[in-house]
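Residue numbers (full-length UniProt numbering), protein chains in the order written: chain X, 1 to 300; chain G, 1 to 300.
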């Protein structure tokens, strides 16, 4: 089928490279420079010792008019606001969108969207954008997807046709897959960014591990988690499997970029407020990451 | 009078340099190398653009036998355990000691000490040891002292004879002066060390400032503070006055040295436990600083 991919960060490049093997992908980028670069040189995928190049059609985002069967939105959650009006305008009640953002803050935006089918996904790959047309595939995971509204026809098609080494799964409950990822992101991302350490250090350093437990407990309380032990086991397992990785939030902090803290801890703070709960650790790490971002802006 | 000063860190060097102007000081050092260096070259004091040298008698700690009228103990709180037996052995119910440690964890050790007079003090000078016989006097404050047990004769003498630029005050309540310093240390030290910023950044960065408020509130709760606003004003005022200083805990962290977190946040955690209160922020920053120390040891 014809697939549009919005956003040429690590996830956008990764999905474009793989899905183009089975589908006709057009990658929409923020700048026309990047579109030209990808159009002329292809996407370079680095995977361990291997280096591959895949040809992909690329265009600047302004040219997206909903012409493809499925559009996959890979931009950060805080960038959604600026592209959703365009999605709405051209969809006019039709069309199919798959959102791959971290966190859960975007769900309330999607409810208002006049689109026929909306899918949600959670990406468990490790990937880093090395430059405008190069992505490093650091960890092979799966992409869990689910239906948010509408029918699942296109999603089933996508899951059935996923290329080798790039598995997609179709799950019954979108809340569940997003919550699972949210918890991992809420614990690992802020702590690694605050301590400036790799993921594995959170469980190897016995003092940092106490903070992992403390923050996880608070997140579990705010989310009214029933299967708490499973989720904690999942956090530890992600730390183990991605032991030498630097989390996306740590990488954002090191590069002086805006982080996704609003869609992760910011969302949990809102949840706590709605439920009239105090969440001192979540509040503390929200302010801490915001404070580091503020320092990087050179405002102090 | 004859004064012994135990410990040749920043505070030990500073007190030796100034008090020797009016008294006969012997400075006791941990290593005989440092004693020889100070004995032969004197103490170099750097104060703004000025550089002065003061001759002081220096000996290794093993030679202390309580021969002086007053002994001032300037070592860190966590080093007290190793020297108190020596103090006890030679004092035999007589003698006069002045303790200048941060925190309040050492008070329970002092109650058991068989010494006639025990004084406590809180140093509000900014000072940094540059090498074994050089100290930089970065901020001129006062040293607040008070009687813990015994009579105040020698302390009054010391306060009356303090040299110019090095004021000592005699205060009625030792709890009050230690609590005031403890609060400042409990908020400014761990946060500057965790964020790796100068003292002033804590109040200039609006997000870090929220954490200052959050941690201070918890400290105030644990200590059952009555004059909360005054103490908060004092914390802010210290951040302003020492705006470009790096706190002692930050300097310890940067130099890979053990910090005083046990005598500061560790003490507050015990207090919280005794009062059956939860103190999530204090717990968090205690573990965080311990975790950074652990990383520096190269254990991970």
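The beta-carbon is built from N, C-alpha and C at its ideal position, and this holds for glycine as well.
Predicted model, so just to flag it, every value in this text is computed and none were measured.
Could you give the first and the last residue of the continuous beta strand (DSSP E) run that contains residue i?
i, result
"residue 6/X", "2-6"
"residue 206/X", "Here residue 206/X belongs to no beta strand (DSSP E); instead the alpha helix (DSSP H) covers 206-222."
"residue 108/X", "From DSSP, residue 108/X is part of no beta strand (DSSP E) but of the alpha helix (DSSP H) over 107-111."
"residue 24/X", "24-29"
"residue 58/G", "57-60"
"residue 148/G", "143-149"
"residue 122/G", "117-123"
"residue 170/G", "168-170"
"residue 225/G", "Run containing residue 225/G: none; DSSP gives neither H nor E here."
Could you tell me whether any Cβ in chain X is nearer than 8 Å to the Cβ of residue i?
i, result
"residue 282/G", "no"
"residue 291/G", "yes"
"residue 175/G", "no"
"residue 214/G", "yes"
"residue 77/G", "no"
"residue 288/G", "yes"
"residue 199/G", "no"
"residue 267/G", "no"
"residue 245/G", "no"
"residue 276/G", "no"
"residue 102/G", "no"
"residue 28/G", "no"
"residue 263/G", "no"
"residue 294/G", "yes"
"residue 205/G", "yes"
"residue 297/G", "no"
Between which two residues does the alpha helix (DSSP H) holding residue i run?
i, result
"residue 85/X", "77-91"
"residue 278/G", "It is not in any alpha helix (DSSP H) - residue 278/G carries neither H nor E in the DSSP assignment."
"residue 185/G", "174-195"
"residue 100/G", "Per DSSP, residue 100/G belongs to no alpha helix (DSSP H) and is neither H nor E."
"residue 153/G", "153-160"
"residue 234/X", "228-241"
"residue 14/X", "10-19"
"residue 255/G", "Unbroken run through residue 255/G: none, as it is neither H nor E."
"residue 36/X", "32-41"
Can you tell me whether DSSP reads residue i as helix, strand or coil?
i, result
"residue 296/X", "helix"
"residue 129/G", "strand"
"residue 138/G", "strand"
"residue 68/G", "coil"
"residue 301/X", "Here chain X comprises residues numbered 1 to 300, so residue 301/X is not present and cannot be evaluated."
"residue 265/G", "helix"
"residue 54/X", "strand"
"residue 288/G", "helix"
"residue 63/X", "helix"
"residue 250/X", "helix"
Are the Cβ atoms of residue i and residue j separated by less than 8 Å?
i, j, result
"residue 19/X", "residue 3/X", "yes"
"residue 58/G", "residue 79/G", "no"
"residue 277/X", "residue 222/X", "yes"
"residue 263/G", "residue 101/G", "yes"
"residue 286/X", "residue 104/X", "no"
"residue 198/G", "residue 244/G", "yes"
"residue 234/X", "residue 184/X", "yes"
"residue 291/G", "residue 15/X", "no"
"residue 44/X", "residue 53/X", "yes"
"residue 202/G", "residue 281/G", "no"
"residue 42/G", "residue 27/G", "no"
"residue 129/X", "residue 279/X", "no"
"residue 137/X", "residue 46/X", "yes"
"residue 99/G", "residue 120/G", "yes"
"residue 231/G", "residue 180/G", "yes"
Is residue i near the ligand COA - that is, is its Cβ less than 7 Å away from at least one heavy atom of it?
i, result
"residue 3/X", "This structure does not include the ligand COA; it has no bound ligands of any sort."
Shorter than 8 Å from the beta carbon of residue i to some beta carbon of chain B?
i, result
"residue 211/X", "The displayed structure is made up of protein chains X and G, and chain B is not among them."
Under a CB-based cut-off of 8 Å, is residue i close to chain G?
i, result
"residue 15/X", "no"
"residue 195/X", "yes"
"residue 18/X", "no"
"residue 232/X", "no"
"residue 189/X", "no"
"residue 273/X", "no"
"residue 208/X", "yes"
Next on the checklist: Taking contact to mean 3 or more Cβ pairs, one atom from each stretch, closer than 8 Å, check whether the stretch 62-75 of chain G and the stretch 84-98 of chain G are in contact.
Outcome noted: yes
Checklist entry - Just checking, does the stretch 133-147 of chain X make contact with the stretch 170-189 of chain X on the three C-beta pairs under 8 Å criterion? => result yes
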